[in-house]
Amino acid sequence: MALAIDALRHGWPIRVGPQVGEGEILLPAETGFALGTAAPRMLISSARAVTLKLANQREAAVPEAPVLIRAAEPFTLETARAIADPALDLDYPMKGPFAALPLLEGFGDGAAARVAMELARLAGILPAFLVAPDIEAGAAQALAVADLDAWKDTARLGIASRARLPVEVCENSEIVAFRSADDMREHVALVIGTPSKARVPLVRLHSECLTGDILGSLKCDCGPQLQAALSAMAVEADEGGWGVLLYMRQEGRGIGLINKLRAYRLQDQGLDTVDANNRLGLPTEARDFPVAARMLDLLKVGAIRLMTNNPSKVEALKGVGVDVVERVAHKLPANPHNARYLDTKRDRTGHIL
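For the sequence shown, the residue numbers in numbering that gives the first Met the number 0 are 0 to 352.
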């Protein structure tokens, strides 16, 4: 899995099938670089298929679902990129005609195609592939469909290191780093105060947001939420309690930094955050809650008081075995740049704001 994700980032082909060495060769449309390469078919998302008039909105209820297409002429990398990236629609308005094909043509029950689309998301690239390109088959990184489930197994995640880390809001704090065998993402937890079985900790799951946490972006509320959570946990520590911040390496709710910035461009064209993600062929929610549950388990944290405005996050954590005894509201004031973002959270993803 790690080799396959790395291959996609570098523009190398992969081969996904029921067993290693079986299935179609897939070349990522965004990063592929083999000069003169062409392929008779492409794998794209159902959301892009809707834009290309190959599916209807009902069929695209799962925007990241795979759709197999063909055209009168083979797809080149240049044409494939224009098809894959909605930001290029105005530059390349004339596309097609295309025809949608049954996934049975090369993908059987579709499992290999779905794995390929998820691999693209994990690699942070656009979910689009040339299928069976005219390249050397031996160059492809091969994996089996079942490898994805094995890679997701949270039992592989463990504590890599921990150390005392005085922070601005509370000098009595510890940082704990977590790492899995073949996942390059390293999550961390900041434990504020002294853990005590007598007090249920205040817990915040915070997904990494470079633009908000570090650069002070006003397009979201991530930075202020992070700081407010740390301050609230420091108050807990002063009063004999404690808190745990889980800082999860899943930028953009799991779609990656580059794709998040692509979504920003689409928002500038009038789409809200949900539609922007979906137009890219990416899910609205792709965060890894089982990993959060594993981190809490490794920290020996039982019941938690969860800081969130999102009831779905509460249910997601309960669904993976976390005992959430209380939802603690975490609402912050809007600004002119993130007001629509917060309205979308409230109206489309069920946040209590």
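From the three backbone atoms N, C-alpha and C, an ideal C-beta is built for every residue, glycine too.
The model shown is predicted, which means the values in this text are computed figures rather than measured ones.
Nearest in C-alpha terms to residue 195, of all of 325, 139, 162, 243, is 243.
A direct Cα-to-Cα measurement between residue 86 and residue 222 gives close to 27 Å.
Residue range 256-267 is occupied by the alpha helix (DSSP H) that includes residue 266. In this structure residue 127 is in contact with residue 79, their Cβ atoms being roughly 6 Å apart against a cut-off of 8 Å. Residue 5 and residue 20 have their C-alpha atoms roughly 18 Å apart.
With a beta-carbon spacing of about 22 Å, residue 232 and residue 209 fall beyond the 8 Å limit used to define contacts.
Counting every other CB atom within 10 Å of its CB across the protein chains shown gives residue 268 a total below 16, marking it as exposed. Boundaries for residue 202: no alpha helix (DSSP H) harbours it, while the beta strand (DSSP E) harbouring it runs 201-206, taken from the DSSP string. A residue is called buried once 16 or more other Cβ atoms fall within 10 Å of its Cβ, and residue 46 is buried on that count. Listed in chain order, the non-local C-beta contacts of residue 191 below 8 Å within the same chain comprise 166, 168, 169, 171, 172, 229, 232, 233, 235, 236, 241, 242, 243, 244, local neighbours out to five positions each way being set aside.
When the beta-carbon positions are compared, residue 218 and residue 337 come within less than 7 Å of each other. Residue 349 counts as exposed, since fewer than 16 other C-beta atoms from the protein chains shown sit within 10 angstroms of its C-beta. In chain order, 14, 15, 16, 105, 106, 111, 130, 131 place their CB closer than 8 Å to the CB of residue 23, counting only its own chain and leaving out the 5 sequence neighbours on each side.
At a Cβ-Cβ threshold of 7 Å, residue 158 and residue 297 count as neighbours. By DSSP's assignment, residue 190 forms a beta bridge with 173, 243.
Note that the segment 139-147 does not touch the segment 29-37; fewer than 3 beta-carbon pairs, one per stretch, sit closer than 8 Å. For residue 294, the three-state secondary structure derived from DSSP is helix. Taking the Cβ atoms as the reference, residue 326 lies roughly 6 Å from residue 307, within the contact range of under 8 Å. Residue burial is scored here from C-beta neighbours: residue 185 has fewer than 16 other C-beta atoms within 10 angstroms and is therefore classed as exposed.
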